[in-house]
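So the sequence shown is numbered by the numbering used here: it starts at 17 and just counts up by one.
Even glycine gets a Cβ: it sits at the ideal position worked out from N, Cα and C.
Note that the structure is predicted; figures quoted are calculated from it, not measured.
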Amino acid sequence: MRGLSTDQRDWHDLGLLDPLWAVWSIPEYRFGGGDLEGFFRRGEEEVAALLAEAQGNHGLPKRRERALDFGCGVGRLTRALGRRFDAVTGVDISRSMIEAAKSLNPGHANCSFELNAGEDLDRFANGHFDLVCSLITLQHVSRRAAVRRYISEFVRVTAPGGLVVFQLPTHVAWRIRFHPRRPAYHALRALGFPIELLYRRGLYSMALTSLSQAEVLRTVQASGGTLLACQPDQRSGTPFIPSNTYYVTPTQTLR
Numbered sequence: 017m018r019g020l021s022t023d024q025r026d027w028h029d030l031g032l033l034d035p036l037w038a039v040w041s042i043p044e045y046r047f048g049g050g051d052l053e054g055f056f057r058r059g060e061e062e063v064a065a066l067l068a069e070a071q072g073n074h075g076l077p078k079r080r081e082r083a084l085d086f087g088c089g090v091g092r093l094t095r096a097l098g099r100r101f102d103a104v105t106g107v108d109i110s111r112s113m114i115e116a117a118k119s120l121n122p123g124h125a126n127c128s129f130e131l132n133a134g135e136d137l138d139r140f141a142n143g144h145f146d147l148v149c150s151l152i153t154l155q156h157v158s159r160r161a162a163v164r165r166y167i168s169e170f171v172r173v174t175a176p177g178g179l180v181v182f183q184l185p186t187h188v189a190w191r192i193r194f195h196p197r198r199p200a201y202h203a204l205r206a207l208g209f210p211i212e213l214l215y216r217r218g219l220y221s222m223a224l225t226s227l228s229q230a231e232v233l234r235t236v237q238a239s240g241g242t243l244l245a246c247q248p249d250q251r252s253g254t255p256f257i258p259s260n261t262y263y264v265t266p267t268q269t270l271r
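Structure (structure tokens):
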């Protein structure tokens with residue numbers, strides 16, 4: 017059974033092999049290609065749209081002091097959030113991604129990047145952040161129990177009057193979830209084949225996981241959150257995997 021340690025190893029490998037493509041899996045970024053400026057510009061556009069939606073429809077977050085980018089990768093969204101919040105923390109399970117994020121964002125002093133290798137956010141106090149944002153990350157956590165735990169933690173670390181925004185597919189077909197590429201990659205890696213060679217041959221490991229809307233709603237409510245909106249999106253990377261962006265706030269309101 018896959019677990020968080022396997023996810024961490026997979027994403028450490030991807031961070032070494034092809035970090036931009038691993039974050040934004042479109043063909044032009046494969047094998048180190050693509051436009052770096054365009055990569056970060058896309059993050060800027062996504063954050064601007066999300067916050068405009070949240071502010072316009074929900075009036076949240078009430079404050080813009082601290083934000084968390086969960087699954088920050090190389091800092092694509094962290095940098096954009098840093099233009100809108102006093103301080104932004106990006107966390108990721110992959111050490112190589114964190115190192116790449118620090119390297120690619122040297123001029124953004126209010127953005128920090130930290131390794132978070134557990135199924136929790138214990139390093140952060142209750143209500144520490146005004147915004148928690150997680151896009152195209154939870155879908156790559158292999159265990160659904162871990163996904164539910166992370167959602168609960170998002171609500172816990174968000175302040176009253178704050179906002180949680182996260183994306184998650186509602187269904188992933190078995191033929192995609194259990195694609196033979198992943199076990200082949202793990203087996204050959206264990207035999208000592210260089211990961212660079214495997215990647216060049218089209219072998220890598222990237223889990224795909226989903227939760228139904230009903231499961232997400234139950235998790236949010238059990239965690240003390242209120243689901244404000246659930247919007248279909250195209251963030252799963254393929255039209256064959258339906259996905260939603262969820263807007264959540266802690267049930268307690270800011271006085």
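Start-to-end residues for the alpha helix (DSSP H) that takes in residue i
{"i": "arginine 172", "result": "160-172"}
{"i": "glycine 106", "result": "Per DSSP, glycine 106 belongs to no alpha helix (DSSP H); it is in the beta strand (DSSP E), 103-108."}
{"i": "leucine 233", "result": "229-238"}
{"i": "alanine 203", "result": "197-206"}
{"i": "isoleucine 283", "result": "An answer regarding residue 283 cannot be provided, because it is not within the stretch 17 to 271 covered by the chain."}
{"i": "glycine 31", "result": "20-33"}
{"i": "alanine 223", "result": "Here alanine 223 belongs to no alpha helix (DSSP H), and DSSP marks it neither H nor E."}
{"i": "glycine 98", "result": "92-98"}
Identity of the residues DSSP links to residue i by a beta bridge
{"i": "valine 39", "result": "Its beta-bridge partners do not exist; DSSP assigns none."}
{"i": "glutamate 69", "result": "For glutamate 69, which the question treats as bridged, DSSP gives no partner whatsoever."}
{"i": "threonine 242", "result": "Thr265"}
{"i": "leucine 84", "result": "Thr105 and Val148"}
{"i": "asparagine 142", "result": "DSSP output for asparagine 142 lists no bridge partner at all."}
{"i": "glutamine 247", "result": "Thr261"}
Boundaries (first-last residue) of the beta strand (DSSP E) holding residue i
{"i": "leucine 147", "result": "145-150"}
{"i": "leucine 131", "result": "127-131"}
Secondary structure of residue i, DSSP reduced to three states
{"i": "glutamine 183", "result": "strand"}
{"i": "valine 63", "result": "helix"}
{"i": "threonine 265", "result": "strand"}
{"i": "glycine 177", "result": "strand"}
{"i": "phenylalanine 194", "result": "coil"}
{"i": "phenylalanine 47", "result": "helix"}
Residue i at chain B interface by Cβ criterion, 8 Å
{"i": "arginine 79", "result": "No chain B appears in this structure, which consists of one protein chain only."}
Legend entry - Validate contact between the stretch 91-100 and the stretch 143-156 using beta carbons, cut 8 Å, 3 pairs: yes
Legend entry - Cβ pair count under 8 Å reaching 3, the stretch 119-127 against the stretch 163-180: no
Inset, instruction - Check whether the stretch 105-120 touches the stretch 67-79, taking contact to mean three or more Cβ pairs, one atom from each stretch, closer than 8 Å. - result: no
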